[in-house]
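Shown next, in structure tokens, is the structure this report addresses.
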Ligand SMILES: [Fe+2]
Ligand SMILES: [Fe+2]
Ligand SMILES: [Fe+2]
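Residue numbers (my numbering), protein chains in the order written: chain P, 1425 to 1675; chain D, 195 to 478.
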């Protein structure tokens, strides 16, 4: 389902049942004055729905660039299809990624470029800040900040499951926003290593990141966008990180 | 069995016996590595420590156990698919593949699972339990395991090991009881130099050719820094205690990481070096 988030940014969401309720797998689209940019491109199993909604949203325009937060199949599984449909599409991954082996061979290597954390690049003319992903489930995970809209695309970070009844709501539309328990449920599975992480140190880096960038929208891939109360959501994620650690290394 | 190589460049795959019935199936770039890993050391936070450092290569490995039943640990990546299948057929001959055992679901580890399943339709996917949507990852119908579960293959028995250091949430390591082989996926691997002929060598062969303990500890550190960016938030004593406990419990005799040269003897002797490497990675 397509929902408008802010300015020229949209989400296309697919949902599937998960242990803790319903899990979302999203594609974000920046219409970008006719030169569309996708952030991730969804799973192969959702190909039909994603392609139909993409075609509708892009209004027959071809996407210029796909930026991958990372290359796991829920994020990049539809990439071979997109590359077949729009052979000119360019792909940007983290410079810690090895495109020749981590990206589907359907995308010509010449069409893939890399970005390092801290770089300000202008793919398709859009200034985007590439950010060190504080929650990485692959060495080559990256976050992307869009200064124009204040959206932080944060990959598997800030993900959360919902109930079937709430599935189409933005995170900020849930009563009280996304809860500590929701963040904890997602992060303890997605980032199993958090049990090793000393919360004070991690949370200090998290505070520094949000002091550096004026984030007005959080855009996780596994949860709808969160458009309000960013400090409250960051604090609840930090609380979840502390609780995962408290449960112990051998939890 | 000597090393048999299929294909070349970005697609080459080699197969080599570690024991008479356990095979190392591995891709690395050889001469093509220089271009791809040119910045491997210069991207480090302490890059100055590595100026003039080696031109290295980085393998992507699977392990195949041949017994009454057969089991493959990981699958390699799609770009090496054709040569990986050749390597598997070379080892198995007419025998079927029974288990496709996946450490974690990234392309270089699990990307050829569907192709192996097409070639060996009776093979069963095996992956770590934990609520993951394996259909999303192309592993529909995977049998889900828990740490401690044992796959008896005949003379060999593969035990699922709870992994210590992971990137992806759902990961598993393994211990083969007869050979004493500990498989550690993305952890505890060295680097090698194609120009010194080190592709497909066992670590003791590299040592005989001049690969030192100091280089080895450095490599453990550098690779861990790349692989586990979260180490900087951890307590080194806690990390080392967990490594001690792991080695204590399994007393491994072969160490088989996904991205390094296989260590086929005196694994316990490498323990201090591995811990020193991890301390260094945490301090980077
Ligand atoms: Fe992921
Ligand atoms: Fe990995
Ligand atoms: Fe790996």
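C-beta atoms are modelled at their ideal positions from N, C-alpha and C, and glycine is treated no differently.
Source: prediction; values computed, not measured.
Neighbours of residue 1467 of chain P in chain D, taken as residues whose beta carbon is under 8 Å from its own, are 330 in chain order.
For residue 1570 of chain P, the enclosing beta strand (DSSP E) has its first and last residue at 1566-1570.
For residue 300 of chain D, at least one C-beta of chain P is nearer than 8 Å to its own C-beta. In the DSSP assignment, residue 1441 of chain P is bridged to P:1446. Beta-bridge partners of residue 319 of chain D (DSSP): D:294. Contact with chain P is found for residue 273 of chain D, since one of that chain's Cβ atoms lies less than 8 Å from the residue's Cβ.
For a cut-off of 8 Å, the C-beta gap from residue 309 of chain D to residue 294 of chain D is around 10 Å, too long to register as a contact. Residue 375 of chain D sits in a strand when the DSSP states are folded into three classes. In the same chain as residue 1638 of chain P, and ignoring 5 residues on each side of it, the C-beta atoms closer than 7 Å to its own belong to 1574, in chain order.
For residue 1521 of chain P, the secondary structure class from DSSP, reduced to helix, strand or coil, is coil. Taking non-hydrogen atoms of ligand 1 into account, the C-beta of residue 1496 of chain P is found less than 7 Å away from one of them. Taken in chain order, the complete alpha helix (DSSP H) segments of 4 residues or longer contained in the region 1568-1641 of chain P are 1604-1614, 1623-1636. In the displayed model, residue 447 of chain D falls within coil according to three-state DSSP, outside both helix and strand. Residue pairing for residue 259 of chain D: DSSP places it in a beta bridge opposite D:216, D:265. Under the DSSP assignment, residue 419 of chain D falls in the alpha helix (DSSP H) whose first and last residues are 407-421.
Contact annotation: the region 1626-1644 of chain P does not touch the region 238-245 of chain D, with fewer than three C-beta pairs closer than 8 Å.
Within the region 414-429 of chain D, the residues whose Cβ lies closer than 9 Å to some Cβ of chain P are 420, 421, 422, 423, 424, 425, 426, 427, 428, 429, listed in chain order.
From the beta-carbon of residue 230 of chain D, the residues of chain P found nearer than 8 Å are 1522, 1524. Under the three-state reduction of DSSP, residue 1660 of chain P is assigned to helix.
Looking at the DSSP output, residue 312 of chain D bridges to nothing.
Residue 320 of chain D is outside the set of residues whose beta carbon lies under 8 Å from a beta carbon in chain P. Listed as beta-bridge partners of residue 367 of chain D by DSSP are D:355. Annotation note: the region 216-242 of chain D contains the following uninterrupted beta strand (DSSP E) runs of length 3 or greater, listed N- to C-terminal: 216-221. Taking 8 Å as the cut-off, the Cβ atoms of residue 269 of chain D and residue 394 of chain D do not count as close.
Between residue 449 of chain D and residue 461 of chain D, the C-beta gap is smaller than 8 Å, which places the two residues in contact.
Ligand 1 has no heavy atom closer than 7 Å to the beta-carbon of residue 303 of chain D.
Look at residue 1477 of chain P: its C-beta is not under 8 Å from any C-beta on chain D. With a 10 Å radius around the Cβ and a threshold of 16 neighbouring Cβ atoms, residue 1530 of chain P comes out exposed.
Taking a 10 Å sphere around the C-beta of residue 1562 of chain P, we find 16 or more other C-beta atoms and assign the residue as buried.
Taking 7 Å as the cut-off between beta carbons, the residues of the region 1526-1554 of chain P near chain D are 1526, 1528, 1529, in sequence order. Remark: the shortest separation between the CB of residue 247 of chain D and any heavy atom of ligand 1 does not fall under 7 Å.
Nearest neighbour of residue 437 of chain D by Cα position, chosen from D:396, D:420, D:381, D:453, turns out to be D:381.
Distance between residue 1617 of chain P and residue 1435 of chain P, taken at the CA atoms: about 29 Å.
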